[in-house]
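Trainee:
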Amino acid sequence: MLQHELTKEDVLYMSEHFLSLLDPHSQIDQALFKESFQLFREGNIYNTNVKDDVLFATVYDRQEVQVTLELDFVNLSECSLDGEKLCKHVLAAFFYVYSSFASISDVVHQFEGRIQKDHLQIQKQKQLETPRPTVRNVSLDSVSDWLEWFEAQYTFFLSKMKKAFSHFHASLKERMIAERIVSDYYETLLKNRPKKLRTAQLYTALAGVTTMIKLHEFSTTHFINEDFIIEKLEQLISELDDELMPLLESFTKNELKLFEESIEHFDSLLHLTDGAFQYFSMLLYRIIWSNVLQHKEWITAHDRVLVEKLKVIARKQKDYTVNSFTHSLIIALIHFAYLLDADDLAFQRAEALPDGDQGTLFFLIELTYEEDQYERMARWLDYAKERFVPLLKREGEYRLKRIITDKFLHYYIMYSDAVQSDTALIRAMKQMLPYTFYTYNDYLLTTENYKGWAELQLLVGFEPETHGQQFLRKIEKADRSVLLPLYHQAVQRAIAEKNRKAYKLAVRRLKKLRTHYRQLKKVEKWETYFAFLVKKHRRLRAFQEELLKGKLIHD
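Encoded structure:
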């Protein structure tokens, strides 16, 4: 029993630290708490034991998951499925332990009660703070002036947040500060946005990039759950994507100077290569170059700069391999080639991408669709698909392959709807089998292509009994002949099992096959086939007996 291996003080200590890792204001943490509690209530935790200050448990969540709870350092607890991050399995195991020493409702009330408590603490702190203006006029003559002001605002913001959340547990305080970098800090910068539309757009882009950089700096020096960071990055990207739209008006001389000065700061995104930051930083980088810095002269000039950087890196490395930074450079160069309408060059550069990087190509596929360039979309779709199809033959990562395949199908359906032709979609579904089986199966039935449907069934093995009678009658009515090869295969598969039960099944299928031949007025073909089958399997005594019982043969 756990009461013999742990003390109540141990469990209360764990409770305090687990709760400190959860933010009651975060929707992600609220969902995590709810899912964990549900696993506990359903009795899915068992095989618990303690050894050397570590508690081991098994949690069943559609599969068995092994959990280890570190009694002294709960943030190092882990599970076999989600690794070291705080997950529902680890938390469910903790609930199980807690329930052995106290009422589990205590933990629920503590978690829910902190929302109101935290709110009161924030309000109290605000009343104590001396108001200080955070918005002032900034010179519009220099990007460096903007960036200097951004930095001063961040210093003040960080000081203010640390003071406001000083009474909170360290982990919760860090999460709340990270959350407010994307909300409060970013919004403060936007309050000083210039009025002129083009300059305001540049300012917004610079503010967004700075916000992402500050979030990166803060999160890499503090222990913050990656899922939480991803949520904040998605929020920031969504806001910037709505704000940064292409403008057609001409530049003034001062605007040209500001835009050219900004390019160096935008290149800072190329260096954010940690975890999820690389995906979102390069997403923002391409949005900016597509919508803010879309002039061909700038793109051409900066393309040369990045090409030279890549050459320098290659010369320095004896055995050149793609690392995180060079990966970002390659993504940027592919995008520049795309913006310069040099797709063949973009394809050539894309050969250097790691095999698993489909996101870079998906971004450009979406771009062609948004720009109504459907012929170009088809080229990018087919290029990405040809890179991906060989990966389907490799072992492992089946769930990821299915996710990527579904993404391809989504884009091919968009393309098919746009050009009013399913040719490319059908070809893609065939090439990506078996991962497209269900989609392709549904498509063939919807379009009443029963011959194609039958050919697909032959690939996976047709089992007549798994299909409803009404469904099979519908196919019989449309084109009974497509069922012949399917029943031939089904009979052979049953006989190959070589047991009495399978032979009985083979006889039932043979009777149905005979009916199809009779309805098609092909009795002679049936008799030829059946005579050959009986002769071929004459040594299978049990099968011959079942044929006799089924009155398919006579003494």
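In numbering that gives the first Met the number 0, the protein residues as written are 0 to 554. Cβ atoms here follow ideal geometry from the backbone N, Cα and C, with glycine treated the same way.
1) Quickly, what does DSSP pair Leu54 with across the bridge? List them, please.
2) Between the C-alpha atoms of Tyr278 and Leu268, what's the straight-line distance to the nearest angstrom?
3) Please report the straight-line C-alpha distance between Gln578 and Leu455, rounded to a whole angstrom.
4) Once you ignore the five residues that flank Ser423 on each side, which residues in its own chain have a CB closer than 8 Å to its CB?
5) Pro44 bridges to which residues according to DSSP?
6) Compute the Euclidean distance between the alpha carbons of Gly207 and Val73, then round it to the nearest angstrom.
7) Here's a check: name, in chain order, each residue in its chain whose Cβ is nearer than 8 Å to the Cβ of Lys497, leaving out the five neighbours to either side.
8) DSSP state of Gln488, grouped into three classes?
9) Taking the straight line between their C-alpha atoms, what separation do you get for Asp60 and Gln347?
10) Where Arg192 and Thr203 are concerned, what is the direct C-alpha to C-alpha distance, given to the nearest angstrom?
11) Sorted by chain position, which residues of the same chain lie with C-beta nearer than 8 Å to Ala383's C-beta, five sequence neighbours on each side aside?
12) Please classify Lys520: does DSSP put it in a helix, a strand, or coil?
13) Examine chain C for any beta-carbon lying closer than 7 Å to the beta-carbon of Thr367, and answer yes or no.
14) Looking at the unbroken alpha helix (DSSP H) that takes in Thr187, where does it start and where does it end?
15) Around the Cβ of Asn48, are there at least 16 other Cβ atoms within 10 angstroms (buried) or fewer (exposed)?
16) Tell me the rounded alpha-carbon separation between Lys256 and Glu374.
17) Could you please give the first and the last residue of the uninterrupted alpha helix (DSSP H) stretch that includes Asn290?
18) Compare the C-alpha of Gly451 against each of Gln468, Ser480, Leu235 and name the closest.
19) Measuring straight from C-alpha to C-alpha, what distance separates Thr67 and Tyr95?
20) Count the CB pairs spanning the segment 166-179 and the segment 210-226 that are closer than 8 Å, and state whether there are at least three.
21) Fully enclosed by the segment 151-212, which alpha helix (DSSP H) runs are 4 residues long or longer?
22) Note down the Cα distance separating Phe265 from Ala163, rounded to an integer number of angstroms.
23) Please state whether the Cβ-Cβ distance between Leu214 and Ile180 is less than 7 Å.
Mentor: This is what the structure holds:
1) Position 55 of the sequence shown, counted from the start, is the residue given in the question as residue 54. In the DSSP output, where bridge partners are listed per residue, Leu54 has Val49, Leu68.
2) Stepping through the sequence shown from its first residue, residue 278 is reached at position 279. Stepping through the sequence shown from its first residue, residue 268 is reached at position 269. About 10 Å.
3) Nothing about residue 578 can be reported from this structure: the residues present for the chain run from 0 to 554 only.
4) For the purposes of this step, residue 423 is taken as the residue at position 424 of the sequence shown. What sits at residue 423 in the sequence shown is Ala, not Ser. Within the same chain, Ala423 has close Cβ partners Ala377, Leu380, Asp381, Tyr411, Tyr414, Ser415.
5) For the purposes of this step, residue 44 is taken as the residue at position 45 of the sequence shown. The residue you asked about is not Pro; residue 44 is Ile in the sequence shown. DSSP, once it has assigned bridges, lists Val58 as partnering Ile44.
6) Locating residue 207 in the sequence shown gives position 208, where the first residue counts as 1. Locating residue 73 in the sequence shown gives position 74, where the first residue counts as 1. Those two C-alpha atoms are separated by around 35 Å.
7) Counting from one through the sequence shown, the residue named residue 497 turns up at place 498. If we look at Lys497 and ignore the five residues flanking it on each side, its Cβ neighbours are Leu539.
8) In the sequence shown, the residue the question calls residue 488 occupies position 489. Three-state result, Gln488: helix.
9) In the sequence shown, the residue the question calls residue 60 occupies position 61. In the sequence shown, the residue the question calls residue 347 occupies position 348. When rounded, the distance between both Cα atoms is 45 Å.
10) The count along the sequence shown starts at 1 and reaches residue 192 at position 193. The count along the sequence shown starts at 1 and reaches residue 203 at position 204. Looking at the two C-alpha atoms, the distance is approximately 7 Å.
11) In the sequence shown, residue 383 corresponds to position 384, counting from 1. The residues are Gln357, Leu360, Phe361, Ile364, Phe407.
12) Working through the sequence shown from its first residue, we reach residue 520 at position 521. Coil at Lys520, not helix or strand.
13) Absent from the structure: chain C. Only one protein chain is present.
14) For the purposes of this step, residue 187 is identified with residue 188 of the sequence shown, where counting begins at 1. Where Thr187 is concerned, the enclosing alpha helix (DSSP H) stretches over 185-189.
15) Numbered from its first residue, the sequence shown carries residue 48 at position 49. The residue in question, Asn48, is exposed, as its Cβ has fewer than 16 Cβ neighbours within 10 Å.
16) On the sequence shown, residue 256 is found 257 positions in, with the first residue counted as 1. On the sequence shown, residue 374 is found 375 positions in, with the first residue counted as 1. Looking at the two C-alpha atoms, the distance is approximately 37 Å.
17) Numbered from its first residue, the sequence shown carries residue 290 at position 291. Counting along the chain, the alpha helix (DSSP H) containing Asn290 begins and ends at 275-290.
18) Walking along the sequence shown from the start, residue 451 turns up at place 452. Considering only alpha carbons, the answer is Ser480.
19) As a first step, residue 67 is located in the sequence shown; it is residue number 68 there, counting from the start. As a first step, residue 95 is located in the sequence shown; it is residue number 96 there, counting from the start. Going by the C-alpha atoms only, they are around 13 Å apart.
20) yes
21) 169-179, 185-189
22) As a first step, residue 265 must be located in the sequence shown, where it is residue number 266. As a first step, residue 163 must be located in the sequence shown, where it is residue number 164. Straight-line Cα distance between these residues: approximately 32 Å.
23) Working through the sequence shown from its first residue, we reach residue 214 at position 215. Working through the sequence shown from its first residue, we reach residue 180 at position 181. In this structure, Ile180 lies closer than 7 Å to Leu214 by Cβ.
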